[in-house]
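Report on the following structure.
Numbering (this note's numbering), first residue to last: 119 to 335.
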């Protein structure tokens with residue numbers, strides 16, 4: 119029996135109810151045949167071979183660690199070839215997002231960014247942080263920028279400390295966005311005061327992306 123047949127038999131042997139409950143989280147497998155036989159990859163591992171990294175869902179410590187590890191691995195594989203970061207994220211943790219941001223700037227390859235669906239909050243920040251000239255939005259994608267959110271609890275002194283930290287992060291994020299978009303910090307402070315949604319064309323005019331891509335070149 120070939121590897122492909124064994125794989126299909128294993129999938130088919132799953133109980134129907136078990137398959138249905140896991141269907142939404144099922145990661146497709148890709149089977150490749152070479153002179154050494156057949157090998158199965160999950161689809162994301164196969165795309166990683168093409169230097170494609172995905173940031174999908176909330177930006178948190180787990181997703182940040184995965185993205186950082188993939189960026190560092192691809193740099194070690196080839197420090198001269200671009201990496202593509204595909205983003206569909208509502209944002210999340212500032213510290214986790216900054217870990218991804220610093221790694222994007224740290225690695226030698228250019229990191230091209232592409233927004234598909236939604237890049238909001240830290241997702242939009244990371245979209246703008248891609249290599250200049252290599253930041254792309256798909257035509258029906260949405261981009262949203264705003265100031266950091268925080269929920270302070272505890273004694274008055276603790277709340278004051280957390281408030282100072284949020285103000286620092288707001289200023290720092292605006293400075294970095296200014297660097298990547300070319301917008302004045304003063305305008306960014308106004309525009310991020312509340313949720314600010316943009317189309318792909320709006321994001322291009324704002325300097326968050328360099329082009330809106332309708333078809334692959």
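Where a beta carbon is used, it is the ideal one built from N, C-alpha and C, also for glycine. Computed from a predicted model, the values in this text were never measured in an experiment.
Backbone secondary structure at residue i - three-state DSSP
i: residue 221; result: helix
i: residue 296; result: helix
i: residue 273; result: coil
i: residue 329; result: strand
i: residue 244; result: helix
i: residue 212; result: helix
i: residue 250; result: coil
i: residue 280; result: helix
i: residue 145; result: coil
i: residue 334; result: coil
First and last residue of the uninterrupted alpha helix (DSSP H) at residue i
i: residue 319; result: 318-324
i: residue 260; result: Unbroken run through residue 260 is the beta strand (DSSP E), 260-263; no alpha helix (DSSP H).
i: residue 267; result: That residue, residue 267, is in no alpha helix (DSSP H); it is neither H nor E in DSSP.
i: residue 235; result: No alpha helix (DSSP H) contains residue 235, which is instead part of the beta strand (DSSP E) from 229-238.
i: residue 180; result: 179-195
i: residue 164; result: 161-167
Beta-ladder partner(s) of residue i, from DSSP
i: residue 151; result: 156
i: residue 206; result: 174
i: residue 201; result: 229
Length of the line joining the Cα atoms of residue i and residue j
i: residue 315; j: residue 290; result: 21 angstroms
i: residue 265; j: residue 149; result: 44 angstroms
i: residue 258; j: residue 313; result: 19 angstroms
i: residue 166; j: residue 201; result: 9 angstroms
i: residue 218; j: residue 329; result: 22 angstroms
i: residue 225; j: residue 187; result: 11 angstroms
i: residue 215; j: residue 158; result: 32 angstroms
i: residue 161; j: residue 304; result: 43 angstroms
i: residue 228; j: residue 311; result: 31 angstroms
i: residue 256; j: residue 317; result: 10 angstroms
i: residue 327; j: residue 151; result: 38 angstroms
i: residue 231; j: residue 249; result: 8 angstroms
Pick from the options that is closest to residue i, judged by C-alpha positions
i: residue 296; options: 285, 180 and 309; result: 309
i: residue 247; options: 292, 193 and 222; result: 222
i: residue 262; options: 282, 235 and 251; result: 235
i: residue 251; options: 169, 173, 325 and 144; result: 325
i: residue 194; options: 213, 169, 178 and 203; result: 169
i: residue 210; options: 189, 293 and 243; result: 243
i: residue 208; options: 177, 192, 182 and 231; result: 177
i: residue 213; options: 182, 237 and 238; result: 182
Residue i - containing beta strand (DSSP E), residue span
i: residue 310; result: No beta strand (DSSP E) contains residue 310, which DSSP labels as neither H nor E.
i: residue 254; result: 253-255
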